[in-house]
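Visitor: One structure coming up, written as structure tokens, with questions to follow.
Number of protein chains: 2
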Amino acid sequence: MNHSQYPSALLQKAVTEISRLPGIGSKTALRLALHLLRQDVAEVDSLADSIKELRHHIGYCKVCHNISDTDICEICGNTSRDKSTICVVENVRDVMAIEGTLQYKGVYHVLGGIISPMDGVGPADLEISSLVERVQQGGISEVILALSPTMEGDTTNFYIYRKLQDTGVRITVIARGVAQNDELQYTDEVTLGRALAGRTPFKM
Amino acid sequence: MNHSQYPSALLQKAVTEISRLPGIGSKTALRLALHLLRQDVAEVDSLADSIKELRHHIGYCKVCHNISDTDICEICGNTSRDKSTICVVENVRDVMAIEGTLQYKGVYHVLGGIISPMDGVGPADLEISSLVERVQQGGISEVILALSPTMEGDTTNFYIYRKLQDTGVRITVIARGVAQNDELQYTDEVTLGRALAGRTPFKM
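Chains A and B are the protein sequences, given in the same order. Just add 181 to the spot in the first sequence (first one is 1) and you have our numbering. Just add 181 to the spot in the second sequence (first one is 1) and you have our numbering.
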């Protein structure tokens, strides 16, 4: 037995499984496994069951494709939301982040990823054709592209723009600039260049 | 829905359960939950089942109380190990760390914790009486105390020493000093003081 060998096959199996999670190495996995051994059986079962149930029974909104326990999610089913504005995001975390601002009253379209040839993710793997259909059905005045300001985000923005440009809908993209509380001297050149190019009239 | 609200009760339940793990906050838990959603059902089931099995079926060695799938662990059952030397450690991770040095050929005694009044852990919660019995049964020449050099470790060392001092067994404690590759100027005063007090003849 050396540092990488465990005194129990059960422990080794659990550590191996836990360390498959992203960002969790074998040392952290061992720490978590030993923590679980000290918890009540009911608590450990509750954790394991919640993970299984999540994977087995998760559903998605038929309109915006966000994670949802109902056919139509709470946002799409909310009559006070502006259905004519669609904000296109990569995943549920982005929906939660934008909802957290309490600034947005429109609806979403969750792509379920971003075009990334390096990772083998193409347009067909994402909810892009369903977005085009949604816009073509009418009643949409604006599509806001709110993807990450990365090469992949730009590629995806461009692809969606090409698909939607003939529909006549207004297509916008979230502002790029210097982040709140960022120090100018540490801001990268691309961001600073874009912030300068995208300058707006000063308001008091 | 705001930043702390999830679009699905299943997702929320899983995130809540995962974030109960030590060192995992709700943001990391959400990232892990969404990662699991992208994995095959079989992989997620394998993770959940391994955690359950670990907790339900784990066993401990009847001699040294280390985690073991058999009544007597591999180390205690190994005829080439020196059964007359017992190294007292807090938990299985310490056993793995010492085994990793490839320097120790004796056996272990796993306390399953450390005396910590702050956390409500007293001597009766640990495998201390079983250690005393083991020594009293005879055949033991040395007990090495290898607990962490903390207040709790010192307290536990002292308690065990008092319990064993009448048995006549040799009781030793692992050396405390400056760690390999540590810079002297950043070493704390207690460690440096102990390293000076515990100085040994220079050997080429």
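Using N, Cα and C, we set each Cβ at its ideal position, and we do this for glycine too. Values in this document were obtained by computation on a predicted structure and should not be read as measured data.
Check each candidate in 216(B), 375(B) and 328(B) and name the one with the smallest Cα separation from residue 192(B).
Guide: By 1-based counting over the second sequence, the position of residue 192(B) is 11. Comparing Cα-Cα distances from residue 192(B) to each of 216(B), 375(B) and 328(B), the minimum goes to 216(B).
Visitor: For residue 334(A), name the three-state secondary structure that DSSP assigns.
Guide: Sequence index remark: in the first sequence, residue 334(A) carries index 153 (1-based). The answer is helix: DSSP assigns residue 334(A) an H, G or I state.
Visitor: Measuring straight from C-alpha to C-alpha, what distance separates residue 372(A) and residue 378(A)?
Guide: For this step, residue 372(A) is matched to residue 191 along the first sequence. For this step, residue 378(A) is matched to residue 197 along the first sequence. Computed Cα separation, rounded: 10 Å.
Visitor: Name, please, each residue of chain B whose Cβ falls closer than 9 Å to the Cβ of residue 335(A).
Guide: Residue 335(A) sits at position 154 when you count from the first residue of the first sequence. In chain order: nothing, as chain B lies at least about 23 Å away.
Visitor: If you run the structure through DSSP and keep just helix, strand and coil, what is residue 350(A)?
Guide: Numbered from 1 along the first sequence, position 169 holds the residue referred to as residue 350(A). In this structure, residue 350(A) counts as coil in the three-state DSSP scheme.
Visitor: With a CB to CB cut of under 7 Å and the five nearest residues on each side skipped, what residues in its chain are close to residue 240(A)?
Guide: Translated into the one-based positions of the first sequence, residue 240(A) becomes position 59. Excluding residues within five positions, the ones whose Cβ falls inside 7 Å are 249 and 250.
Visitor: Report yes if the C-beta distance between residue 321(B) and residue 289(B) is below 9 Å; otherwise report no.
Guide: Position 140 of the second sequence, counted from the first residue, corresponds to residue 321(B). Position 108 of the second sequence, counted from the first residue, corresponds to residue 289(B). No.
Visitor: Determine the direct distance from the alpha carbon of residue 222(B) to that of residue 336(A), and round the result to whole angstroms.
Guide: As a working note, residue 336(A) is residue 155 in the first sequence. As a working note, residue 222(B) is residue 41 in the second sequence. The alpha-carbon atoms of residue 336(A) and residue 222(B) are separated by roughly 31 Å.
Visitor: Please tell me whether residue 378(A) has its Cβ less than 9 Å away from any Cβ of chain B.
Guide: Along the first sequence, one-based indexing puts residue 378(A) at 197. No, its Cβ sits nowhere closer than 9 Å to a Cβ of chain B.
Visitor: Where residue 200(B) and residue 346(B) are concerned, what is the direct C-alpha to C-alpha distance, given to the nearest angstrom?
Guide: On the second sequence, residue 200(B) is found 19 positions in, with the first residue counted as 1. On the second sequence, residue 346(B) is found 165 positions in, with the first residue counted as 1. Taking the straight line joining both Cα atoms gives about 45 Å.
Visitor: Starting from residue 265(B), trace the beta strand (DSSP E) both ways and give me its first and last residue.
Guide: Residue mapping note: residue 265(B) aligns to position 84 of the second sequence, counting from 1. Element bounds for residue 265(B): 263 to 270.
Visitor: Against chain B, does residue 277(A) count as a neighbour if the rule is that its beta carbon must be under 9 Å from one of theirs?
Guide: For the purposes of this step, residue 277(A) is taken as residue 96 along the first sequence, with counting starting at 1. Chain B contact via Cβ: present.
Visitor: I'd like to know if residue 201(A) contacts chain B, where contact means its C-beta is closer than 9 Å to some C-beta of that chain.
Guide: Sequence index remark: in the first sequence, residue 201(A) carries index 20 (1-based). It does: the Cβ of residue 201(A) has a partner Cβ on chain B nearer than 9 Å.
Visitor: Comparing alpha-carbon positions, which option in 234(B), 253(B), 237(B) and 235(B) lies nearest residue 243(B)?
Guide: For the purposes of this step, residue 243(B) is taken as the residue at position 62 of the second sequence. Closest by alpha carbon: 253(B).
Visitor: Give the C-beta separation of residue 296(B) and residue 303(B) to the nearest angstrom, bearing in mind that I take them to be a contact with Cβ-Cβ under 8 Å.
Guide: Counting from one through the second sequence, the residue named residue 296(B) turns up at place 115. Counting from one through the second sequence, the residue named residue 303(B) turns up at place 122. 7 Å between Cβ atoms; contact.
Visitor: Tell me the residue span of the alpha helix (DSSP H) that contains residue 287(A).
Guide: Residue mapping note: residue 287(A) aligns to position 106 of the first sequence, counting from 1. Not the alpha helix (DSSP H): residue 287(A) falls in the beta strand (DSSP E), residues 287 to 291.
Visitor: With three or more C-beta pairs closer than 8 Å as the rule, is the stretch 264 to 276 of chain B touching the stretch 204 to 220 of chain B?
Guide: Cβ pair count under 8 Å is below three, so no.
Visitor: Could you tell me the distance, in whole angstroms, from the CA atom of residue 308(B) to the CA atom of residue 293(B)?
Guide: Here residue 308(B) corresponds to residue number 127 of the second sequence, with the count starting at 1. Here residue 293(B) corresponds to residue number 112 of the second sequence, with the count starting at 1. Cα to Cα, residue 308(B) sits roughly 7 Å from residue 293(B).
Visitor: Which residues mark the beginning and the end of the alpha helix (DSSP H) in which residue 279(B) is found?
Guide: What you label residue 279(B) is simply residue 98 of the second sequence in a count that begins at 1. Unbroken alpha helix (DSSP H) run through residue 279(B): 273 to 282.
Visitor: Give a yes or no on whether 9 Å exceeds the smallest Cβ distance from residue 253(A) to chain B.
Guide: Along the first sequence, one-based indexing puts residue 253(A) at 72. No, because no Cβ of chain B sits closer than 9 Å to the Cβ of residue 253(A).
Visitor: Can you check whether the C-beta of residue 364(B) is within less than 9 Å of a C-beta belonging to chain A?
Guide: Here residue 364(B) refers to the residue found at position 183 when the second sequence is read from its first residue. No, no contact with chain A.
Visitor: Given this structure, state the Cα-to-Cα distance separating residue 375(A) from residue 352(A), to the nearest angstrom.
Guide: Here the question's residue 375(A) lines up with position 194 in the first sequence. Here the question's residue 352(A) lines up with position 171 in the first sequence. Approximately 19 Å, taken between the alpha carbons.
Visitor: Quick one: give me the first and last residue of the beta strand (DSSP E) that residue 325(A) is part of.
Guide: Taking the first residue of the first sequence as 1, we reach residue 325(A) at position 144. It spans 323 to 326 - the beta strand (DSSP E) in which residue 325(A) sits, taken as one unbroken run.
Visitor: Have a look at 278(B), 334(B), 354(B) and 356(B) and flag the residue whose alpha-carbon is nearest the alpha-carbon of residue 298(B).
Guide: Working through the second sequence from its first residue, we reach residue 298(B) at position 117. That would be 334(B), whose Cα lies nearest to the Cα of residue 298(B).
Visitor: Chain A beta carbons: is any one of them nearer than 9 Å to that of residue 441(B)?
Guide: In the structure as shown, chain B begins at 182 and stops at 385. Residue 441(B) is therefore absent and cannot be evaluated.
Visitor: Of all the options 194(A), 328(A) and 357(A), which has the alpha carbon lying nearest to the alpha carbon of residue 380(A)?
Guide: Your numbering for residue 380(A) matches position 199 in the first sequence. The option with the nearest alpha carbon to residue 380(A) is 357(A).
Visitor: Whose CA, out of 328(B), 227(B) and 246(B), lies closest to the CA of residue 237(A)?
Guide: Within the first sequence, residue 237(A) is the residue found at index 56, counting from 1. With distances taken between Cα atoms, residue 237(A) lies closest to 227(B).
Visitor: Find out if the Cβ-Cβ distance for the pair residue 268(A), residue 341(A) is shorter than 9 Å.
Guide: Within the first sequence, numbered from 1, the residue matching residue 268(A) stands at position 87. Within the first sequence, numbered from 1, the residue matching residue 341(A) stands at position 160. Taking 9 Å as the Cβ cut-off, residue 268(A) and residue 341(A) do not qualify as a contacting pair.
Visitor: Restricting to runs no shorter than 4 residues, where is the alpha helix (DSSP H) found entirely within the stretch 199 to 235 of chain B?
Guide: Runs found: 207 to 218.
Visitor: Going straight from the alpha carbon of residue 312(A) to that of residue 343(A), what length do you get?
Guide: Looking up residue 312(A) in the first sequence gives position 131. Looking up residue 343(A) in the first sequence gives position 162. C-alpha separation (whole angstroms): 13 Å.
Visitor: Note down, in chain order, every chain E residue with its Cβ under 8 Å from the Cβ of residue 198(B).
Guide: This model lacks chain E altogether, as its protein chains are A and B.
Visitor: Please identify the residue among 245(B), 300(B) and 327(B) whose C-alpha is closest to the C-alpha of residue 264(B).
Guide: Indexing the second sequence from 1 puts residue 264(B) at position 83. It is 245(B).
Visitor: Give a yes or no on whether the C-beta atoms belonging to residue 247(A) and residue 291(A) are separated by under 9 Å.
Guide: Working through the first sequence from its first residue, we reach residue 247(A) at position 66. Working through the first sequence from its first residue, we reach residue 291(A) at position 110. The answer is yes: Cβ separation under 9 Å.
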